[in-house]
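Chains as they are written, first to last, in this note's numbering: chain D, 87 to 306; chain U, 364 to 573.
In this text, a Cβ means the ideal position worked out from N, Cα and C, and glycines have one as well.
On a predicted model such as this, the values are computed, not experimentally measured, just so you know.
I have placed the structure first, in the form of structure tokens, so that the comments after it can refer back to it.
See the structure below:
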């Protein structure tokens, strides 16, 4: 497990080693720590816009003693998912590095516009996704603990549901996945099983969008 | 009156004045001030305004962690009479942004309001050579020199040494536009001398005279 202080130390070290400025986005538990929604996280999830940037950070991490995890381990953590990230680990610290896509979700321009904090660690610039987008990416990764994290985000932040609905529609347009369908299942389970505060109106709207999408897909 | 923090935050989330807070919590103004002070200590409140402007309280259930030192917008807001709305929280970890760096970052941003607000920082520059080195690194030497001269026309600013001025003026291979396609009608002399396009007219700079 990594806490915010340890994460800061690692980012500072990366920023000192990198020769040029490099930006990436932080999602998942790492992002939640910046919002004070979580004390520690199992892994640091970083999303890069360019493969070459990810390569640079991988190189730095490998020089710091991080090793790539085997394909078997990756497929257990992200079962049957495409665009699996590169996973690096050292002792009990794990870093997952994505490029532009978080499993079946694209890092969209509107997500980039919504970021509400930037932290500069020397040459390593970390942008923190908005709480709404953290829920979207939690829906994409669907790992153990993601549901609990999503509920915590809903408890701690004032969620703009319109943003989530619009983003899910956009995701369905730019990826082959029916994102609103996944989102509906995800939110429905949160509401039913974990008593999350998801407004019924929102669920109804996402269900309607999902049904329309499925109908369109079946007609094709 | 709502007692739990959660309940109070639910009622107050968003932007508020102290009068609004008192009304929403059904408190006297003095008690509301105490309550807001308590919330601020817990990290739920950010304030803006004050002085001539009414003080506004942004209340959020999210306690964003204050890691590191203030970012560009904070440095400019602290040192300029023109205040900017922060589009995001910006923190610098492991070092702090100097006045010289803030000026250069603002020039580089090509953002109208950021550059406008940063002009006031020329009066707080401590090391002109540092300003030059940073401007050189970002390839904005002529732009920085021109904006300095513009600043001296409209407000008090510390005098830049001749050597730095000369170095800034002699810079080659730099773009003319400080902000794409924006020219000045009023500062043609500066534009000609520095071979850059000033994005401001006198009217834009009136805020500094108020």
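In the DSSP annotation of this structure, the continuous segment of the alpha helix (DSSP H) that includes residue 304 (chain D) starts and ends at 286 to 305. In the DSSP annotation of this structure, residue 108 (chain D) is not part of any alpha helix (DSSP H); the continuous beta strand (DSSP E) holding it starts and ends at 108 to 113. C-alpha of residue 571 (chain U) to C-alpha of residue 440 (chain U): approximately 14 Å in a straight line.
Beyond the five residues adjoining it in sequence on each side, residue 247 (chain D) comes within less than 6 Å, by CB distance, of 288 in the same chain, given in chain order. Within the DSSP bridge table, the entry for residue 205 (chain D) names D:212, U:454 as partners. The C-beta of residue 136 (chain D) has fewer than 16 other C-beta atoms within 10 Å across all chains shown, which makes the residue exposed.
Around the C-beta of residue 262 (chain D), fewer than 16 other C-beta atoms lie within 10 Å, and the residue is accordingly described as exposed. For the set U:403, U:375, U:474, the Cα lying nearest the Cα of residue 448 (chain U) is the one of U:474. At the C-beta level, residue 435 (chain U) and residue 477 (chain U) come within 9 Å of one another.
Inclusion of residue 112 (chain D) and residue 143 (chain D) in the CB contact set at 9 Å is not warranted, their separation being larger than that value. Secondary structure at residue 409 (chain U): strand, using DSSP grouped into helix, strand and coil. In this structure, the alpha-carbon of residue 561 (chain U) lies about 17 Å from that of residue 484 (chain U). Selection D:151, D:155, D:116, D:106 evaluated against residue 138 (chain D) yields D:106 as nearest (Cα-Cα). For the stretch 374 to 392 of chain U, the beta-carbon criterion of a distance under 7 Å to any beta-carbon of chain D is satisfied by 376.
One thing to note: residue 131 (chain D) has its Cβ within 9 Å of the Cβ of residue 114 (chain D). DSSP assignment within the stretch 528 to 572 of chain U yields the following whole alpha helix (DSSP H) runs of 4 residues or more, N-terminal first: 551 to 557.
Taken in chain order, the members of the stretch 199 to 211 of chain D whose beta-carbon sits within less than 7 Å of a beta-carbon on chain U are 201, 202, 203, 204, 205, 206, 207, 208. Those residues of the stretch 218 to 250 of chain D placed with their C-beta closer than 7 Å to a C-beta in chain U are 242, 243, 244, ordered along the chain. Legend: CB atoms of the stretch 450 to 469 of chain U lying less than 7 Å from CB atoms of chain D belong to residues 451, 452, 453, 454, 455, 456, 457.
For residue 380 (chain U), the three-state secondary structure derived from DSSP is coil.
The DSSP-derived three-state label of residue 433 (chain U) is strand. Taking C-alpha positions only, residue 383 (chain U) is separated from residue 425 (chain U) by approximately 21 Å. Straight through space, the alpha carbons of residue 192 (chain D) and residue 219 (chain D) are spaced by roughly 11 Å. For residue 130 (chain D), the pairing in a beta bridge is given by DSSP as D:181. Counting the other CB atoms within 10 Å of its CB gives residue 148 (chain D) a total below 16, which places it among the exposed residues. Taking 9 Å as the threshold, the shortest C-beta distance from residue 102 (chain D) to chain U falls below it. 423, 424, 425, 426, 427, 428: these are the residues of the stretch 410 to 429 of chain U whose beta carbon lies less than 8 Å from some beta carbon of chain D, given in chain order. In this structure, residue 506 (chain U) sits away from residue 462 (chain U), with a CB-CB distance that is not shorter than 9 Å. Put simply, the stretch 373 to 381 of chain U does not touch the stretch 285 to 299 of chain D. Fewer than three CB pairs are less than 8 Å apart. Below 8 Å, too few C-beta pairs join the stretch 451 to 462 of chain U and the stretch 415 to 422 of chain U to call them touching: fewer than three.
By the Cβ test, the stretch 540 to 554 of chain U is not in contact with the stretch 517 to 524 of chain U, since fewer than three Cβ pairs between them sit closer than 8 Å.
Shown here, residue 387 (chain U) sits in a helix according to DSSP, grouped into three states.
Using a C-beta cut-off of 8 Å, the stretch 224 to 242 of chain D makes contact with the stretch 262 to 274 of chain D, since at least three inter-stretch Cβ pairs fall below that distance. For residue 500 (chain U) and residue 205 (chain D), the gap between their C-alpha atoms comes out near 22 Å. In this structure, DSSP gives residue 420 (chain U) an extended state, which the three-state scheme calls strand. In the same chain as residue 208 (chain D), and ignoring 5 residues on each side of it, the C-beta atoms closer than 6 Å to its own belong to 101, 102, in chain order.
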